[in-house]
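Q: Okay, handing you the structure first.
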Amino acid sequence: MSSSIRRLTALGFRSYRFLSLDMWRLRPEGLSSTRRYGVATLRVLYMTILSYIEQGIGTLAGSLTYSTALSIVPMLAVIIGIAKGFGLQEIVRDALIQGLPGHEVELAKAFTYVENYLAQVQGGLFIGVGLAVLFYTVLMLISTIEDSFNRLWQAPSARPWGRRIMGYLSAFLLLPLLMTISSATTIFLSTLNHTYLSQLGLISTVTNQLLQLLPFAILIILFTLLYLLIPNVRVRFVPALIAGVIAGLAFQCFQALYINGVLWISKYNAIYGSFAAVPLALLWTQLSWVIILLGAQISYAVQHVWYFTTPPLSGRLSRRYEDLILISVAATTARLFAEGYRPLPEATTLAERSRLPLRETQEALLRLLRMGVLAEVRTLQHGAEQVGYQPALPLDRLTLGYLLELHDRGGEEVLPLELDGRHESVWQLRRQLYRPLFRSAAQLRICDIDLDT
Numbered sequence: 028m029s030s031s032i033r034r035l036t037a038l039g040f041r042s043y044r045f046l047s048l049d050m051w052r053l054r055p056e057g058l059s060s061t062r063r064y065g066v067a068t069l070r071v072l073y074m075t076i077l078s079y080i081e082q083g084i085g086t087l088a089g090s091l092t093y094s095t096a097l098s099i100v101p102m103l104a105v106i107i108g109i110a111k112g113f114g115l116q117e118i119v120r121d122a123l124i125q126g127l128p129g130h131e132v133e134l135a136k137a138f139t140y141v142e143n144y145l146a147q148v149q150g151g152l153f154i155g156v157g158l159a160v161l162f163y164t165v166l167m168l169i170s171t172i173e174d175s176f177n178r179l180w181q182a183p184s185a186r187p188w189g190r191r192i193m194g195y196l197s198a199f200l201l202l203p204l205l206m207t208i209s210s211a212t213t214i215f216l217s218t219l220n221h222t223y224l225s226q227l228g229l230i231s232t233v234t235n236q237l238l239q240l241l242p243f244a245i246l247i248i249l250f251t252l253l254y255l256l257i258p259n260v261r262v263r264f265v266p267a268l269i270a271g272v273i274a275g276l277a278f279q280c281f282q283a284l285y286i287n288g289v290l291w292i293s294k295y296n297a298i299y300g301s302f303a304a305v306p307l308a309l310l311w312t313q314l315s316w317v318i319i320l321l322g323a324q325i326s327y328a329v330q331h332v333w334y335f336t337t338p339p340l341s342g343r344l345s346r347r348y349e350d351l352i353l354i355s356v357a358a359t360t361a362r363l364f365a366e367g368y369r370p371l372p373e374a375t376t377l378a379e380r381s382r383l384p385l386r387e388t389q390e391a392l393l394r395l396l397r398m399g400v401l402a403e404v405r406t407l408q409h410g411a412e413q414v415g416y417q418p419a420l421p422l423d424r425l426t427l428g429y430l431l432e433l434h435d436r437g438g439e440e441v442l443p444l445e446l447d448g449r450h451e452s453v454w455q456l457r458r459q460l461y462r463p464l465f466r467s468a469a470q471l472r473i474c475d476i477d478l479d480t
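In the numbering used here, the protein residues as written are 28 to 480.
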């Protein structure tokens with residue numbers, strides 16, 4: 028019995044050490060493909076769970092639930108109003124009902140409110156004010172969604188309002204058309220299956236399976252586009268697709284649980300009576316946003332899986348390791364600039380070239396920006412703002428001694444210390460210790476530091 032406990036204790040200790048330390052030291056180049064995918068999966072799970080706690084995804088989902096509750100009728104009004112312009116309002120309504128099973132009663136009430144809302148906006152003295160409030164409410168909701176995605180992706184900045192408005196209007200114009208195409212495709216396949224293919228046996232069975240999978244496929248495409256387009260950073264397709272598949276599967280499972288949860292729905296009916304739809308709708312919205320935001324975090328973790336270090340170690344770096352990271356990032360940036368590397372390197376590029384964790388690289392870049400050693404250059408690429416880095420000084424002035432001296436002087440020196448007596452002696456001793464270091468490194472340009480040896 029005691030030997031079994033010892034083995035379990037040893038196994039638990041090894042597992043804890045691997046998850047908290049050893050796993051983060053592994054590099055993909057030294058791993059087999061199977062182990063590489065296994066380690067990457069563990070890293071993504073670890074960082075997603077940790078980010079759920081640190082980034083406050085539950086709180087973000089709560090704020091988005093509140094914004095959605097305020098904006099749902101204006102948003103439906105915009106979608107249906109645009110669909111009316113194309114004569115597609117009935118198709119859009121049917122698509123919404125089919126896409127949100129179990130919410131027919133809520134949608135029917137919402138459509139009634141939308142009709143009243145549109146009637147108020149289209150007529151009367153305050154038509155201009157009504158339209159302004161309508162679009163403002165919708166823009167604020169989508170802007171909140173974008174800001175949440177940017178926060179999870181650690182985007183350097185949000186899109187300018189001009190680009191936001193143009194992008195949102197384009198999305199609202201395309202949404203009714205896409206819903207119509209999706210509905211028409213479903214109807215076409217269903218009609219084809221019940222007429223021409225019903226006599227072909229196996230082909231008809233396959234078509235039935237495809238029709239059942241079609242809503243799931245549409246959901247995956249929708250989530251993938253969200254994760255690909257909303258953050259104001261360049262998101263690669265594969266991480267967005269992986270997150271889209273996971274979020275789509277989670278959303279489908281949640282929908283099935285929600286629809287088939289008859290017992291606890293009946294309990295809510297007993298408590299709330301005719302108002303039971305309100306807490307249930309809020310619960311559904313809250314959990315839906317949790318799934319969507321977790322998908323965004325998964326896409327971020329997948330894209331940066333080999334740049335992570337375990338966060339608890341970030342605050343325990345020694346002074347010499349801080350110097351090492353600072354010099355490595357500055358030297359890599361200066362060398363790439365001297366070699367004419369274009370476009371200017373981003374934080375991920377510098378982390379990869381320096382073989383440093385992404386978080387520590389970003390912190391070093393912030394310090395170098397504050398010191399005036401580096402400058403950031405913002406450019407627009409692939410519809411997203413990219414932040415590149417280059418030296419802020421001529422390369423001949425940017426020496427190792429200059430960098431170390433700036434780093435040594437960084438921060439505030441405002442303590443009320445009189446440089447006489449004991450403080451004067453300590454101050455002079457420190458200067459005597461550090462002055463030879465700065466002088467000996469004053470002739471070495473950081474762009475000449477060879478990081479490959």
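Here a beta-carbon is modelled for each residue, glycine too, at the ideal position from N, C-alpha and C.
1. Could you check the C-alpha separation between residue 371 and residue 31 for me, to the nearest Å?
2. In terms of alpha-carbon separation, which member of 273, 92, 76 lies closest to residue 309?
3. Would you mind stating whether residue 254 and residue 323 have Cβ atoms separated by less than 8 Å?
4. Taking the CB atoms as reference points, tell me whether residue 472 and residue 426 lie closer together than 8 Å.
5. Would a C-beta distance cut-off of 8 Å place residue 275 and residue 257 closer than the cut-off?
6. With 16 other CB atoms within 10 Å as the buried threshold, where does residue 37 fall?
7. Are the CB atoms of residue 74 and residue 335 nearer to each other than 8 Å?
8. Using 8 Å as the threshold, is the C-beta distance between residue 175 and residue 266 below it?
9. Let me check understanding here. Comparing Cα to Cα, which of 190, 52, 98 lies closest to residue 168?
10. Quick one: Cα of residue 393 to Cα of residue 356, how far?
11. Whose C-beta lies closer than 8 Å to the C-beta of residue 153 among residues of the same chain, with five residues either side of it excluded?
12. Under 6 Å Cβ to Cβ from residue 289, same chain only, skipping five residues before and after it: list those, please.
13. Are the Cβ atoms of residue 461 and residue 435 separated by less than 8 Å?
14. Nearest to residue 384 by CA position, among 402, 353, 470, 395, is which residue?
15. Can you find the residues in the same chain that come closer than 6 Å, C-beta to C-beta, to residue 269, ignoring five residues on each side of it along the sequence?
16. Within this structure, are the beta carbons of residue 82 and residue 178 separated by less than 8 Å?
17. Please name the residue in 263, 252, 365 whose C-alpha comes closest to that of residue 271.
18. Helix, strand or coil: how does DSSP classify residue 414 here?
19. Determine which residues share a DSSP beta bridge with residue 401 and list them.
20. Please state the DSSP three-state secondary structure of residue 54.
21. According to DSSP, is residue 191 part of a helix, a strand, or is it coil?
22. Starting from residue 375, trace the alpha helix (DSSP H) both ways and give me its first and last residue.
23. Could you check what DSSP says for residue 186 in three-state terms: helix, strand or coil?
24. Buried or exposed: which applies to residue 60, given that a residue is buried once 16 or more other Cβ atoms fall within 10 Å of its Cβ?
25. Under DSSP, the alpha helix (DSSP H) around residue 362 begins and ends at which residues?
26. Determine which residues share a DSSP beta bridge with residue 472 and list them.
27. Given that a residue counts as buried once 16 or more other Cβ atoms are within 10 Å of its Cβ, and exposed if not, what is residue 55?
28. Where does residue 308 fall in DSSP's three states?
29. Could you give the distance in angstroms between the alpha-carbon of residue 332 and the alpha-carbon of residue 451?
30. Under 8 Å between the Cβ atoms of residue 364 and residue 418?
31. Report the rounded CA-to-CA distance for residue 362 versus residue 260, giving the unit in angstroms.
32. Checking 8 Å against the spacing of the C-beta atoms, do residue 116 and residue 122 come in under that value?
A: According to the data block:
1. In the sequence shown, counting from the first residue as 1, residue 371 sits at position 344. In the sequence shown, counting from the first residue as 1, residue 31 sits at position 4. If I take the Cα positions, the gap works out to 57 Å.
2. What you label residue 309 is simply residue 282 of the sequence shown in a count that begins at 1. The residue with the shortest Cα to Cα distance from residue 309 is 92.
3. Reading the sequence shown from its first residue, position 227 is the one you call residue 254. Reading the sequence shown from its first residue, position 296 is the one you call residue 323. In contact: residue 254 and residue 323 (Cβ atoms closer than 8 Å).
4. Mapped onto the sequence shown, residue 472 falls at position 445. Mapped onto the sequence shown, residue 426 falls at position 399. Yes, these two residues count as a Cβ contact at 8 Å.
5. The residue labelled residue 275 in the question sits at position 248 within the sequence shown. The residue labelled residue 257 in the question sits at position 230 within the sequence shown. It is not a contact, given that the beta carbons lie outside the stated cut-off.
6. If you number the sequence shown from 1, residue 37 lands on position 10. When all chains shown are included, residue 37 counts as exposed.
7. Your numbering for residue 74 matches position 47 in the sequence shown. Your numbering for residue 335 matches position 308 in the sequence shown. Going by C-beta atoms, residue 74 is nearer than 8 Å to residue 335.
8. Here residue 175 corresponds to residue number 148 of the sequence shown, with the count starting at 1. Here residue 266 corresponds to residue number 239 of the sequence shown, with the count starting at 1. No, these two residues do not count as a Cβ contact at 8 Å.
9. Mapped onto the sequence shown, residue 168 falls at position 141. Ranking the options by Cα distance to residue 168, first place goes to 98.
10. The count along the sequence shown starts at 1 and reaches residue 393 at position 366. The count along the sequence shown starts at 1 and reaches residue 356 at position 329. Rounded to whole angstroms, residue 393 to residue 356 spans 11 Å at the Cα level.
11. Residue mapping note: residue 153 aligns to position 126 of the sequence shown, counting from 1. The predicted position of residue 153 is uncertain, since its pLDDT is 47 and thus under 50; a value taken from the coordinates is nonetheless stated next. Closer than 8 Å at Cβ, skipping near neighbours: no residue.
12. Walking along the sequence shown from the start, residue 289 turns up at place 262. At residue 289, the pLDDT of 49 sits below 50, so the modelled position is not reliable; the number obtained from the coordinates is stated separately. The answer is none, since no qualifying residue turns up.
13. Walking along the sequence shown from the start, residue 461 turns up at place 434. Walking along the sequence shown from the start, residue 435 turns up at place 408. It is a contact, given that the beta carbons lie within the stated cut-off.
14. For the purposes of this step, residue 384 is identified with residue 357 of the sequence shown, where counting begins at 1. Nearest option by C-alpha distance: 353.
15. Residue numbering aside, residue 269 sits at position 242 when the sequence shown is read from its first letter. Answer for residue 269: 329, listed in chain order.
16. Locating residue 82 in the sequence shown gives position 55, counting from the first residue. Locating residue 178 in the sequence shown gives position 151, counting from the first residue. Yes, they are a contact pair.
17. On the sequence shown, residue 271 is found 244 positions in, with the first residue counted as 1. When each option's Cα is compared against that of residue 271, the closest is 252.
18. Working through the sequence shown from its first residue, we reach residue 414 at position 387. Here residue 414 sits in strand by DSSP.
19. Counted from its first residue, the sequence shown places residue 401 at position 374. According to DSSP, residue 401 bridges with 418.
20. What you label residue 54 is simply residue 27 of the sequence shown in a count that begins at 1. Coil, per DSSP.
21. By 1-based counting over the sequence shown, the position of residue 191 is 164. DSSP places residue 191 in helix when its eight states are reduced to three.
22. Mapped onto the sequence shown, residue 375 falls at position 348. 374 to 381 is the extent of the alpha helix (DSSP H) around residue 375.
23. By 1-based counting over the sequence shown, the position of residue 186 is 159. Residue 186: coil per DSSP, three-state reduction.
24. Indexing the sequence shown from 1 puts residue 60 at position 33. Exposed, since its Cβ has fewer than 16 Cβ neighbours within 10 Å.
25. Start at 1 with the first residue of the sequence shown, and residue 362 comes out as number 335. Where residue 362 is concerned, the enclosing alpha helix (DSSP H) stretches over 346 to 365.
26. Sequence index remark: in the sequence shown, residue 472 carries index 445 (1-based). In the DSSP output, where bridge partners are listed per residue, residue 472 has 426.
27. Looking up residue 55 in the sequence shown gives position 28. Exposed, since its Cβ has fewer than 16 Cβ neighbours within 10 Å.
28. Position 281 of the sequence shown, counted from the start, is the residue given in the question as residue 308. Three-state DSSP puts residue 308 in a helix.
29. Residue 332 sits at position 305 when you count from the first residue of the sequence shown. Residue 451 sits at position 424 when you count from the first residue of the sequence shown. Roughly 49 Å between the two C-alpha positions.
30. Here residue 364 refers to the residue found at position 337 of the sequence shown. Here residue 418 refers to the residue found at position 391 of the sequence shown. Yes. Within cutoff.
31. Residue numbering aside, residue 362 sits at position 335 when the sequence shown is read from its first letter. Residue numbering aside, residue 260 sits at position 233 when the sequence shown is read from its first letter. If you take the alpha carbons of residue 362 and residue 260, they lie about 25 Å apart.
32. The sequence position of residue 116 within the sequence shown is 89, counting from 1. The sequence position of residue 122 within the sequence shown is 95, counting from 1. Not closer than 8 Å, so no.
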